[in-house]
Amino acid sequence: MIENLFKIFGTKTKALEILYLLEDVKPVVRQGFYHNEIRKITDFCKEKGLYIEFSPYKIVLMDHGAYSNKGIKVDADDPREGMVFAYISKGKEKAKKANFHEANNNHINLGKALGYPECCCRFFKKHEPERSRLDSDYTVCTAENSGGSEFPFYTNILKRSMDITLLNHFPCSFNCENSIKLAKNHLDIIKKHDPEMADYFSERLKGKFNIEERLFEFI
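Following my numbering, the numbering of the sequence shown begins with 737 at its first residue and continues without gaps.
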């Protein structure tokens, strides 16, 4: 199943989010798509009985790549190429509410609608004013909020750009118990459908990483 989802959604991270939704672990999936990708996404949702809502605006990326963090919001009819956000859920109202919360910049309620821990939603809101002016990457903030030098590999988000992660949000710390629990649930789902991928993720997320001249070891 994961391979089929990958062909439709384009990355392992996006495919796995949809799998978590289908397995009733994630309430709403929020992903960005370009115009030429929308048809296959809507066809998939129709086939699976999923509800999909689209943002009334699009995002033009300021840095390029599959895992860009930085973008600007523009009108849907802006001539520049941009992505619209799709909010996908098994419940119509859940998808609508997520769309509404993001359109109104309600970061906490949006995060909760997407199934993220409330502590991490509040962490995001606290740092959003500063990070949105920079690169919209909150990894440094997570590191600064993490005491110690050894951490469980479940919260390692440092390989997102390599399409390897068990989380779809920035944890408030690498020791966040709520994020660890969520990541473990995700890994169990991956293991259920593709044991080899589960082992691959587990091994690649372990190791030593340097953040702002500080060494972090994930075990």
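Where a beta carbon is used, it is the ideal one built from N, C-alpha and C, also for glycine. This one's a predicted model, so the numbers in the text were calculated from it and none came from an experiment.
State buried or exposed for residue i, treating a residue as buried only when at least 16 other CB atoms are found within 10 Å of its CB.
i: Leu846; result: buried
i: Tyr803; result: Unreliable positioning characterises Tyr803 in this predicted model, as indicated by a pLDDT of 49, which lies under 50. A coordinate reading is not provided.
i: Asn892; result: buried
i: Lys944; result: exposed
i: Ile955; result: exposed
i: Lys828; result: exposed
i: Leu951; result: exposed
i: Pro931; result: exposed
i: Ser915; result: buried
i: Lys750; result: buried
So residue i is in the beta strand (DSSP E); what residue range does that whole segment cover?
i: Asp814; result: Note, Asp814: premise wrong, no beta strand (DSSP E); not H, not E.
i: Lys776; result: Careful: Lys776 lies outside any beta strand (DSSP E), inside the alpha helix (DSSP H) at 774-784.
i: Gly768; result: 764-769
i: Glu953; result: 950-954
i: Gly943; result: 943-947
i: Lys788; result: Note on identity: in this sequence residue 788 is Ile, with Lys being the wrong assignment. Taken as a continuous stretch (DSSP letters only), the beta strand (DSSP E) holding Ile788 covers 787-790.
Can you find the residues in the same chain that come closer than 7 Å, C-beta to C-beta, to residue i, ignoring five residues on each side of it along the sequence?
i: Asp811; result: Tyr793
i: Phe769; result: Ile777, Met819, Val820, Ala822
Between which two residues does the alpha helix (DSSP H) containing residue i stretch?
i: Val876; result: 875-880
Cβ of residue i less than 9 Å from any chain B Cβ?
i: Leu903; result: Note that chain B does not occur in the displayed structure, where there is just one protein chain.
Have a look at the options and flag the residue whose alpha-carbon is nearest the alpha-carbon of residue i.
i: Met819; options: Cys912, Leu902, Ser915, His771; result: His771
i: Asn904; options: Gly746, Asn835, Tyr756, Lys942; result: Tyr756
i: Leu894; options: Phe937, Tyr852, Arg867, Asn842; result: Phe937
i: Leu741; options: Ile926, Leu797, Asn842, Gly807; result: Ile926
i: Phe889; options: Phe745, Ala934, Lys942; result: Lys942
i: Glu753; options: Leu850, Arg816, Tyr787; result: Leu850
i: Glu789; options: Ile774, Met798, Val796; result: Ile774
i: Arg766; options: Leu797, Gly785, Phe745, Ala934; result: Phe745
Tell me which same chain residues have a C-beta within less than 6 Å of the C-beta of residue i, skipping the five on either side of it?
i: Lys830; result: Pro763, Val764
i: Phe859; result: Cys908
i: Ala879; result: Ile947
Take residue i and list the residues in its own chain whose beta-carbon comes closer than 8 Å to its own, dropping the five residues that flank it on each side.
i: His940; result: Note that residue 940 is Arg in the sequence shown, not His. Lys895, Met898, Ile900, listed in sequence order.
i: Cys912; result: Pro853, Cys855, Cys856, Thr891
request  = Answer yes if the region 868-876 comes into contact with the region 884-892, meaning at least three C-beta pairs across the two stretches below 8 Å, and no otherwise.
outcome  = no
query = Per the contact definition of three or more C-beta pairs closer than 8 Å, is the region 909-929 in contact with the region 753-768?
reply = yes
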